[in-house]
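In our numbering, the protein residues as written are 1 to 103. Note sheet for the following structure.
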Amino acid sequence: MLAEIEQLIAENHVVLFLKGSSAQPRCGFSAAAAQVLARIGHPFAEKDALEEAEYRYVLAERSGWPTLPQLFVNGELVGGCDVIHELFRTGELQRRLDAAFSS
């Protein structure tokens, strides 16, 4: 399971681990994070961390972040919903995603 997480992070510029999917989120925080990314417009990979019972715990251990959603950009944990919203508000998230896709 950890290998799958590592591979997903390594193979994608942007990965959102969430509850459900961007099309059918299973919590408001996951829905909000996916909406922010959709507004920015860059593609992103996503993974429903609730598909397997242990997945979210392995992810939390790997990232050091206990809650969902979790956003990774170029292999680095950005944070959860509150961090995503704050970075979006300041324009920093747009800059990070633009940089991720220009490299």
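Glycine residues also receive a C-beta, built at the ideal position from the N, C-alpha and C atoms. If you're wondering where the values come from, they're calculated on a predicted model, not measured in any experiment.
Query, Result
"Buried versus exposed, by CB contacts within 10 Å (16 or more), phenylalanine 29", "buried"
"Nearest neighbour of valine 58, chosen from Ala100, Phe17 and Val83 [CA to CA]", "Phe17"
"8 Å contact criterion, which valine 14 and leucine 97 should meet: CB distance rounded", "6 Å"
"Segment limits, alpha helix (DSSP H) that includes glutamate 6", "2 to 11"
"Boundaries of the beta strand (DSSP E) in which glutamine 24 is found, first to last residue", "Taken as a continuous stretch (DSSP letters only), glutamine 24 belongs to no beta strand (DSSP E), as it is neither H nor E."
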